[in-house]
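Asks:
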Amino acid sequence: MDLKELTTSLVSELKLRTKPVAVKLLGDGLGDLSSRVMRPLRDFRRKLTFCQMVAMSRYYGFAVGAEMGEISCPGTLLILGMMPPPPFVKEGMLSLGLYAETREAAAKIDSSLPSLRPGSVKAIVTAPLDEAPFEPDAFLVYGTPGQMVKLAAAYVYKTGEPLRLETFAKAGSDTAVAAALREGRPRLFLPGLGDRMVGRVEDYEMGFASPMSWLPEIVDGLKKQTSLGFITYPPAPILTYTARFDLIPVVGEYYKKVLEEAERLAGGQGGQG
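Heads up: the sequence shown begins at 1244 in the numbering used here, then just goes up one per residue.
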């Protein structure tokens, strides 16, 4: 798998504004990788969230690695398998009153969020997809709804299956990565408030999360559909129609008179000789 070539194709096919991001989840800590990435406490003198790490990779081109003590987001720690959930989490106390009106709804949310096995992850690393100093487990793409439709079309082209999008309106990027790795297939996601407030996701952006194994297939699907000249991004407008100048407010009736006179002068041929 040539990551540089595949990433170049991905960016070109989708006209992406920011870099696709590689994600690595390590079960034994950063180890030797620590010297090849930026660390939250060592290099930034502060803890970071997963969505901040992703943003640094896609906006700045940084490779960022963090172990549990360098993560500031409870959602990241719980969803990406860095620690077991305290009992009050399953009771919905991270959602009650903010994301859920009732204790029952809150418990349902917090017990249903996709997550990885507690304790299975000791470190998280993000980097630009084409420059990752590690073998990625997953990748993330942020873009407009139109770009996400193009990605979805490539997945459907290869599988004949719908591309899923589920949201609890919280922990968007964390749960998307966890779900994609657990299920072994891509998914779309709506960035949560944390993604938008802390990770600087724009109001017009959606996300796509996928296991790395899908990257060659997705890129191949994108290219093949583009080659047909129909499923492209941006989509080519259909221009074979007649514009109705007579419907323009106020002056439309006079435009109509001009066109009627032109029709008369053309001998009723509609401009076709």
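Think of the CB as a built atom: it goes at the ideal place given N, C-alpha and C, for glycine as much as any other residue.
My guess is that Y1400 and Q1295 are in contact by the Cβ rule of under 8 Å, so how many angstroms apart are they, rounded?
Replies: Going by Cβ atoms, the distance from Y1400 to Q1295 rounds to 34 Å, so no, they are not a contact pair.
Asks: How far does the beta strand (DSSP E) with E1310 in it reach, from first residue to last?
Replies: V1307 to E1310
Asks: Just to confirm the assignment, what range does the alpha helix (DSSP H) spanning I1322 have?
Replies: For I1322, the enclosing alpha helix (DSSP H) covers residues P1317 to I1322.
Asks: Compute the Euclidean distance between the alpha carbons of P1330 and F1305, then round it to the nearest angstrom.
Replies: CA-to-CA, the gap between P1330 and F1305 works out to about 36 Å.
Asks: Can you tell me the Cα-Cα spacing of S1354 and P1327, whole angstroms?
Replies: 12 Å
Asks: In three-state terms, what does DSSP make of D1385?
Replies: Contrary to the premise, residue 1385 reads as Tyr rather than Asp in this sequence. Strand.
Asks: With S1278 as the anchor, note down where its beta strand (DSSP E) starts and where it stops.
Replies: Here S1278 belongs to no beta strand (DSSP E), and DSSP marks it neither H nor E.
Asks: Just how far apart, CA to CA, sit F1293 and P1480?
Replies: 38 Å
Asks: In three-state DSSP terms, what is G1516?
Replies: With a pLDDT of 41 at G1516, under the threshold of 50, the predicted position of this residue should be treated as unreliable, and no value is reported.
Asks: Residue range of the beta strand (DSSP E) that S1338 falls in?
Replies: No beta strand (DSSP E) contains S1338, which DSSP labels as neither H nor E.
Asks: Please list, in chain order, all residues of the same chain as E1506 whose beta carbon is under 6 Å from its beta carbon, the five residues on each side excluded.
Replies: none
Asks: Does the region 1265–1272 come close enough to the region 1359–1372 to have 3 or more Cβ pairs within less than 8 Å?
Replies: The region 1265–1272 vs the region 1359–1372: in contact.
Asks: Spatial neighbours of Y1385 within its chain, please: CB distance less than 7 Å, with the 5 preceding and 5 following residues excluded, ordered by chain position.
Replies: T1261, R1301, V1444, E1448 and G1450
Asks: Among E1248, I1322 and F1473, which has the Cα closest to the Cα of K1365?
Replies: Residue I1322 is the option with its Cα nearest to K1365.
Asks: Beta-carbon within less than 7 Å of E1460's beta-carbon, same chain only, minus the 5 sequence neighbours each way: which residues are those?
Replies: K1401
Asks: Report the residue from K1247, D1286, F1287 and L1291 whose alpha carbon sits nearest the alpha carbon of G1437.
Replies: Ranking K1247, D1286, F1287 and L1291 by Cα distance to G1437 puts L1291 first.
Asks: Beta carbon of D1446: closer than 7 Å to some heavy atom of the ligand FAD?
Replies: The ligand content of the structure shown is nil, which means the ligand FAD is not present either.
Asks: Suppose you measure from the CA of L1257 to the CA of S1453; what does that come to, to the nearest Å?
Replies: 16 Å
Asks: Please state the DSSP three-state secondary structure of L1431.
Replies: strand
Asks: Assuming A1395 contacts L1383 (C-beta within less than 8 Å), just tell me the rounded distance between them.
Replies: The Cβ separation is near 15 Å, so there is no contact.
Asks: I'd like to know whether the C-beta of G1272 is nearer than 8 Å to at least one C-beta of chain D.
Replies: Structure shown: chain D not included; a single protein chain is present.
Asks: Tell me which residues share the same chain as L1339 and place their Cβ nearer than 7 Å to its Cβ, disregarding the 5 neighbours each side in the sequence.
Replies: R1346 and A1349
Asks: Alpha helix (DSSP H) containing G1437: first to last residue?
Replies: L1436 to M1440
Asks: Roughly how many angstroms separate the alpha carbons of R1282 and L1320, rounded to a whole number?
Replies: 16 Å
Asks: Taking the alpha carbon of V1307 as the reference point, which residue from D1286, G1324 and E1334 has its own alpha carbon closest?
Replies: D1286
Asks: Beta-carbon separation of L1502 and D1373 under 8 Å?
Replies: no
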